[in-house]
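Q:
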Amino acid sequence: MGDSVGDNMVLSMKKNLNLFFIGLVVFIGICSTGCAVRYNHARVGIVNNYDKNMVYVGLFIDEQSGDASGDMIVKVVPPARRPLPVGERDYLDLVWGGGYGSVKFAFSFGFYDASEDSYNVYDCSTDYLELEEGDEKVFRIDSTDDYFVN
Amino acid sequence: MMLVYLFFRNFMKKSFLLIILFTLALPIFGIIDTNDYYDINLIEKNGTFNFESYKRSNHSYLFGGFDTNGYTEILGRMRLNIGPPELIGFYLVSEILFSNSDKRDAGGEFEKTGNTMLFYGEAYIGFKNKWTSVKFGFQNLISSDAIYHRLLLDDYSGPIFALRWSQLLSRYVDMDLIYSFIRPHQGEWSPNLTTLYKKGELYGKSLFVKKFNFRPLPWIRIGLSDSVYFLGENFNIWFMNPFSIYFITLSLNKFYDEKFGSGLNTGASDLKIGLDFQIGFNGWRVYGELLVDDSDAFFLMFKYPIFPNRIGAVLGGEIRGYLFTRYLKPPKAAEFFLKNLYINFEYAITSKYVYSRDHVCNYEYVREEYQKAYDPRNPISQTELDRVQRVGNFIGYMYGNNADSIDIAVGWRNDLERTKDYGAEYQTDVYYDSFKKKKFVDRLFKFQLHYRHYRLGDERNIVAPYYMNEHYYYDVDPDLDSDGDGVKDNDTSNRETEFLRVVLEEGNIFDINFYSDIFRITRFVVGIETKFNFHWRTRLPRTSVESTDFVFRWEIASVITWF
Numbered sequence: 039m040g041d042s043v044g045d046n047m048v049l050s051m052k053k054n055l056n057l058f059f060i061g062l063v064v065f066i067g068i069c070s071t072g073c074a075v076r077y078n079h080a081r082v083g084i085v086n087n088y089d090k091n092m093v094y095v096g097l098f099i100d101e102q103s104g105d106a107s108g109d110m111i112v113k114v115v116p117p118a119r120r121p122l123p124v125g126e127r128d129y130l131d132l133v134w135g136g137g138y139g140s141v142k143f144a145f146s147f148g149f150y151d152a153s154e155d156s157y158n159v160y161d162c163s164t165d166y167l168e169l170e171e172g173d174e175k176v177f178r179i180d181s182t183d184d185y186f187v188n
Numbered sequence: 007m008m009l010v011y012l013f014f015r016n017f018m019k020k021s022f023l024l025i026i027l028f029t030l031a032l033p034i035f036g037i038i039d040t041n042d043y044y045d046i047n048l049i050e051k052n053g054t055f056n057f058e059s060y061k062r063s064n065h066s067y068l069f070g071g072f073d074t075n076g077y078t079e080i081l082g083r084m085r086l087n088i089g090p091p092e093l094i095g096f097y098l099v100s101e102i103l104f105s106n107s108d109k110r111d112a113g114g115e116f117e118k119t120g121n122t123m124l125f126y127g128e129a130y131i132g133f134k135n136k137w138t139s140v141k142f143g144f145q146n147l148i149s150s151d152a153i154y155h156r157l158l159l160d161d162y163s164g165p166i167f168a169l170r171w172s173q174l175l176s177r178y179v180d181m182d183l184i185y186s187f188i189r190p191h192q193g194e195w196s197p198n199l200t201t202l203y204k205k206g207e208l209y210g211k212s213l214f215v216k217k218f219n220f221r222p223l224p225w226i227r228i229g230l231s232d233s234v235y236f237l238g239e240n241f242n243i244w245f246m247n248p249f250s251i252y253f254i255t256l257s258l259n260k261f262y263d264e265k266f267g268s269g270l271n272t273g274a275s276d277l278k279i280g281l282d283f284q285i286g287f288n289g290w291r292v293y294g295e296l297l298v299d300d301s302d303a304f305f306l307m308f309k310y311p312i313f314p315n316r317i318g319a320v321l322g323g324e325i326r327g328y329l330f331t332r333y334l335k336p337p338k339a340a341e342f343f344l345k346n347l348y349i350n351f352e353y354a355i356t357s358k359y360v361y362s363r364d365h366v367c368n369y370e371y372v373r374e375e376y377q378k379a380y381d382p383r384n385p386i387s388q389t390e391l392d393r394v395q396r397v398g399n400f401i402g403y404m405y406g407n408n409a410d411s412i413d414i415a416v417g418w419r420n421d422l423e424r425t426k427d428y429g430a431e432y433q434t435d436v437y438y439d440s441f442k443k444k445k446f447v448d449r450l451f452k453f454q455l456h457y458r459h460y461r462l463g464d465e466r467n468i469v470a471p472y473y474m475n476e477h478y479y480y481d482v483d484p485d486l487d488s489d490g491d492g493v494k495d496n497d498t499s500n501r502e503t504e505f506l507r508v509v510l511e512e513g514n515i516f517d518i519n520f521y522s523d524i525f526r527i528t529r530f531v532v533g534i535e536t537k538f539n540f541h542w543r544t545r546l547p548r549t550s551v552e553s554t555d556f557v558f559r560w561e562i563a564s565v566i567t568w569f
């Protein structure tokens, strides 16, 4: 590497050094504008009131989803733990874009099948519930087709 | 200016006493890095500070660490770099550690040793000259010249078993071939491994990388890489061919269909294409890397993409003080201080779904993975997911997908002018470096302040096939017609490429690093090193329920180095 090439480059770079630092500050500024963003939050719980262990997932339709069947986006939220033992509860935190109003949420769940020694999380599901910022709802699952929300 | 001059003149006169004072006043310091899961043997990345840690090829140290979460650790490490003079060019690198930490459950045979565990680090044999370099064994591999983060291959997660061949083709082009097998960390030296991979479920993954670096000028490097990540640990003959293009190889797969059970797994493959660059010399440089995960013919043919792009990017730079002191000509003492000062900056970002897998491929781009086949009817829990996606477990970017980070560091080391840039050591760099004068420093003193801000987004599930969020029922009902047009196999995603649309966690890390030689006996140097690490982690940031944890960690080590 020839030093003369390096010297010339460095000399010309010195002139642009302020530009570099200004660019750095602007870049950090742009990044920090993200700090102004706020998110909505809701918490949903699930209680296993049936007599068998249960697996579940959350089905979350937020503001990214369209309404038509081909535009629908259903986000699958992993369970906090699996399986959920009899009589116990879990919580899921849902976060979506601030200022977007309400979103929809349902649980899909299934109970332990001793004959096949397996689970199917898509055996049953609740209806979609509308959630708004700050909501805390608990789904109490009493059986495969009986639940209530409070 | 006069005051500054007087200060530094005074400093130089009493520098030895100051160093002694520092070592007494500041408790001493470590080189091992653990993440929030107390993984061992991660490779610390502290910018220029840590590169060629002590400028001496062999070292050993005794380390102690604790944090405000109750973590304590006693650790010993020895690294040897042996180059027999009778075999010019050949060398052997070996690294071994023992550790005892109450945050790590040893189990198995290590119960008998009082929870003290043994680990390997790098362990390889190599041959090098200015035109070619070959390494075989467990080695730290990186995919670009970045300081903190790389997207395809990152050394943070520890050594990978590989054959690496770097070859100078001309002064304008060099070639880098990596054939590697991916296994968990060089971890427990114990039969416990059988509990990680049960019999009958034993399988591994391989990552083959071909890379060509082009240099229109010696100080400009543009690298293009073509890599394939596939199921099985084998030297797949189609993928080993350095002249093949993996996309074409996979397209030919139907013609080269393997016999069932032969284990070549040409079909269960994941393509990644990379572009990276570095520009700079004499104390400044800028660099970057771009990764396209699962490049698909639909993109090449400019057809409507059926899935979102899975991409990541890194951009960074470094400036060193001697770039300026050569022209500013400050007083001698001030020059000594200023020329050894450095600052670096780096930004890395990955989109949602990078490093996740297709539904036909039962593996993830991580070291320790979810070992069972994914069962959509009994999906993975968040707890299991957190284990797979822990920081540093990814083979690429340490934070995984849908994440970003900013790093800034300011530091000083007295041998800065002779400290190479942290880089992947491509052969053309080795070639040009061979013309430079070598000078070894007698004493070493290093100090660095480093700050990182990182963010982790939503839907970072790399275990579930990434289409499941559009067709979550697909695995259970392959006949699902989600767009309702009566045709069941034309469903496409209406997701778009996303970067951190929603942030679920963010963190700030600030650390202070310090090292100093203390005294020397013949070829052995005794030094001391310490690190103060402050980590603020905010869960569900900018929501009504956000909460922040703070952890302070202190590390200290006594170090012996020798040539």
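Chains as they are written, first to last, in my numbering: chain A, 39 to 188; chain B, 7 to 569.
Here a beta-carbon is modelled for each residue, glycine too, at the ideal position from N, C-alpha and C.
All values reported here derive from a predicted model rather than from experimental measurement.
If you measure beta-carbon to beta-carbon, which residues of the region 74 to 89 of chain A are closer than 8 Å to chain B?
A: Of all residues in the region 74 to 89 of chain A, Val-75, Arg-76, Tyr-77, Asn-78, His-79 and Arg-81 have a Cβ within less than 8 Å of some Cβ in chain B.
Q: So within the region 333 to 362 of chain B, which uninterrupted beta strand (DSSP E) runs reach at least 3 residues, ignoring any that extend past its ends?
A: 347 to 356
Q: How would you list, in chain order, the residues of chain B whose beta-carbon sits under 8 Å from the beta-carbon of Gly-172(A)?
A: The sequence position of residue 172(A) within the first sequence is 134, counting from 1. Neighbours of Gly-172(A) on chain B, chain order: Ser-550.
Q: Please determine, among Tyr-160(A), Phe-149(A) and Val-95(A), the residue with the shortest C-alpha to C-alpha distance to Leu-200(A).
A: Lying outside 39 to 188, the shown extent of chain A, residue 200(A) is not represented and no answer is given.
Q: Under a CB-based cut-off of 8 Å, is Leu-391(B) close to chain A?
A: Position 385 of the second sequence holds residue 391(B). So, interface residue.
Q: Alpha carbon to alpha carbon, how far is Tyr-162(B) from Arg-507(B)? Give it in angstroms, no decimals.
A: Along the second sequence, read from residue 1 onward, the residue named residue 507(B) stands at position 501. Along the second sequence, read from residue 1 onward, the residue named residue 162(B) stands at position 156. Spanning the two alpha carbons is a distance of roughly 26 Å.
Q: Between the beta-carbon of Lys-452(B) and the beta-carbon of Tyr-521(B), is there less than 8 Å?
A: Residue mapping note: residue 452(B) aligns to position 446 of the second sequence, counting from 1. Residue mapping note: residue 521(B) aligns to position 515 of the second sequence, counting from 1. For the pair Lys-452(B) and Tyr-521(B), the CB atoms are nearer than the 8 Å cut-off.
Q: Does the beta-carbon of Tyr-376(B) have 16 or more other beta-carbons within 10 angstroms, so that it is buried, or is it exposed?
A: In the second sequence, residue 376(B) corresponds to position 370, counting from 1. With a 10 Å radius around the Cβ and a threshold of 16 neighbouring Cβ atoms, Tyr-376(B) comes out buried.
Q: How would you write the range of the alpha helix (DSSP H) that Val-102(A) sits in, first residue to last?
A: Numbered from 1 along the first sequence, position 64 holds the residue referred to as residue 102(A). At residue 102(A) the sequence reads Gln, which differs from the Val that was named. From DSSP, Gln-102(A) is part of no alpha helix (DSSP H); its letter is neither H nor E.
Q: Taking 8 Å as the threshold (beta carbon to beta carbon), is Arg-127(A) in contact with chain B?
A: Sequence index remark: in the first sequence, residue 127(A) carries index 89 (1-based). No, its Cβ sits nowhere closer than 8 Å to a Cβ of chain B.
Q: Give me the Cα-Cα distance between Tyr-178(B) and Met-123(B), rounded to the nearest whole angstrom.
A: Here residue 178(B) is taken as the residue at index 172 of the second sequence, counted from 1. Here residue 123(B) is taken as the residue at index 117 of the second sequence, counted from 1. Taking the straight line from one Cα to the other gives about 47 Å.
Q: Let me know if Glu-117(B) comes out buried or exposed under the rule of 16 or more other beta-carbons within 10 Å of its beta-carbon.
A: Looking up residue 117(B) in the second sequence gives position 111. Result: exposed.
Q: Does the beta-carbon of Leu-510(B) have 16 or more other beta-carbons within 10 angstroms, so that it is buried, or is it exposed?
A: By one-based count along the second sequence, residue 510(B) stands at place 504. So Leu-510(B) ends up on the buried side.
Q: Would you report the Cα separation of Pro-90(B) and Ile-355(B), rounded to the nearest angstrom?
A: The residue given as residue 90(B) occupies position 84 in the second sequence. The residue given as residue 355(B) occupies position 349 in the second sequence. Using only the alpha carbons, I get a separation of about 43 Å.
Q: Residues of chain B with a CB under 8 Å from the CB of Tyr-138(A): which are they?
A: For the purposes of this step, residue 138(A) is identified with residue 100 of the first sequence, where counting begins at 1. None at all; the shortest Cβ gap to chain B is about 11 Å.
Q: Give a yes or no on whether 8 Å exceeds the smallest Cβ distance from Ile-179(A) to chain B.
A: Position 141 of the first sequence, counting from 1, holds the residue named residue 179(A). Taking Cβ atoms only, chain B never reaches closer than 8 Å to Ile-179(A), which makes this a no.
Q: Determine which residues share a DSSP beta bridge with Asn-242(B) and list them.
A: The residue given as residue 242(B) occupies position 236 in the second sequence. DSSP lists no partner for Asn-242(B).
Q: Which residues of chain B have a Cβ atom closer than 9 Å to the Cβ of Asn-91(A), listed in chain order?
A: By one-based count along the first sequence, residue 91(A) stands at place 53. Those do not exist, as Asn-91(A) stays about 11 Å from chain B at its closest Cβ, beyond 9 Å.
Q: Looking at the secondary structure, which residues open and close the alpha helix (DSSP H) in which Asp-108(B) lies?
A: The residue you call residue 108(B) lines up with position 102 of the second sequence. Element bounds for Asp-108(B): n/a, residue is neither H nor E.
Q: Can you grab the Cα-Cα spacing for the pair Phe-125(B) / Ser-105(B), in whole Å?
A: Taking the first residue of the second sequence as position 1, residue 125(B) is located at position 119. Taking the first residue of the second sequence as position 1, residue 105(B) is located at position 99. Phe-125(B) and Ser-105(B): Cα-Cα distance of roughly 8 Å.
Q: Leaving out five residues before and five after Lys-134(B) in sequence, what residues of the same chain have Cβ atoms less than 8 Å from its Cβ?
A: In the second sequence, residue 134(B) corresponds to position 128, counting from 1. Taken in chain order, the residues that qualify are Gly-95, Tyr-97, Val-140 and Val-436.
Q: DSSP has Thr-78(B) in a bridge; who is on the other side?
A: One-based indexing of the second sequence puts residue 78(B) at position 72. Looking at the DSSP assignment, Thr-78(B) forms a beta bridge with Phe-72(B).
Q: Just how far apart, CA to CA, sit Leu-147(B) and Phe-186(A)?
A: Working through the second sequence from its first residue, we reach residue 147(B) at position 141. Working through the first sequence from its first residue, we reach residue 186(A) at position 148. Computed Cα separation, rounded: 54 Å.
Q: Who are the near neighbours of Leu-86(B) in its chain, counting only those whose CB is closer than 6 Å to its CB and skipping five residues on each side?
A: As a first step, residue 86(B) must be located in the second sequence, where it is residue number 80. Only Asn-64 and Ser-100 meet the Cβ criterion.
Q: Is there a Cβ from chain B that is less than 8 Å from the Cβ of Lys-113(A)?
A: The sequence position of residue 113(A) within the first sequence is 75, counting from 1. Lys-113(A) counts as touching chain B.
Q: Answer yes or no: do Arg-466(B) and Asn-408(B) have a C-beta to C-beta separation smaller than 8 Å?
A: Reading the second sequence from its first residue, position 460 is the one you call residue 466(B). Reading the second sequence from its first residue, position 402 is the one you call residue 408(B). The answer is yes: Cβ separation under 8 Å.
Q: Determine, using beta carbons only, whether Ser-172(B) and Tyr-432(B) come nearer to each other than 8 Å.
A: Walking along the second sequence from the start, residue 172(B) turns up at place 166. Walking along the second sequence from the start, residue 432(B) turns up at place 426. Yes, the pair counts as a contact, with Cβ atoms nearer than the cut-off.
Q: Would you give the residue range spanned by the alpha helix (DSSP H) that Leu-256(B) belongs to?
A: Locating residue 256(B) in the second sequence gives position 250, where the first residue counts as 1. Residues 252 to 257.
Q: Kindly indicate the opening and closing residues of the alpha helix (DSSP H) around Gln-6(B).
A: Look at the range of chain B in this structure, 7 to 569, and you will see that residue 6(B) is not part of it.
Q: Would you call Ile-468(B) buried or exposed, if buried means 16 or more other Cβ atoms sit within 10 Å of its Cβ?
A: Counting from one through the second sequence, the residue named residue 468(B) turns up at place 462. Counting Cβ neighbours within 10 Å, Ile-468(B) comes out buried, since at least 16 surround it.
Q: Say whether chain B places a C-beta atom closer than 8 Å to the C-beta of Asp-155(A).
A: What you label residue 155(A) is simply residue 117 of the first sequence in a count that begins at 1. No, Asp-155(A) lies away from the interface with chain B (no Cβ there is under 8 Å from its Cβ).
Q: Is there a Cβ from chain A that is less than 8 Å from the Cβ of Asn-500(B)?
A: Along the second sequence, one-based indexing puts residue 500(B) at 494. Yes, contact with chain A.
Q: How big is the Cα-Cα spacing for His-541(B) and Arg-559(B)?
A: Looking up residue 541(B) in the second sequence gives position 535. Looking up residue 559(B) in the second sequence gives position 553. Rounded to the nearest angstrom, the two C-alpha atoms are 8 Å apart.
Q: Taking Asp-180(A) as the reference, which of Asn-86(A), Ala-80(A) and Val-82(A) has the closest Cα?
A: As a first step, residue 180(A) is located in the first sequence; it is residue number 142 there, counting from the start. Closest by alpha carbon: Asn-86(A).
Q: Is DSSP giving Arg-316(B) helix, strand or coil here?
A: For the purposes of this step, residue 316(B) is taken as the residue at position 310 of the second sequence. It is coil, neither helix nor strand.
Q: For Lys-109(B), count neighbouring C-beta atoms within 10 Å of its own C-beta (all shown protein chains included) and say buried if the count is 16 or more, exposed if not.
A: Walking along the second sequence from the start, residue 109(B) turns up at place 103. Only exposed fits Lys-109(B), as fewer than 16 other CB atoms lie within 10 angstroms of its CB.
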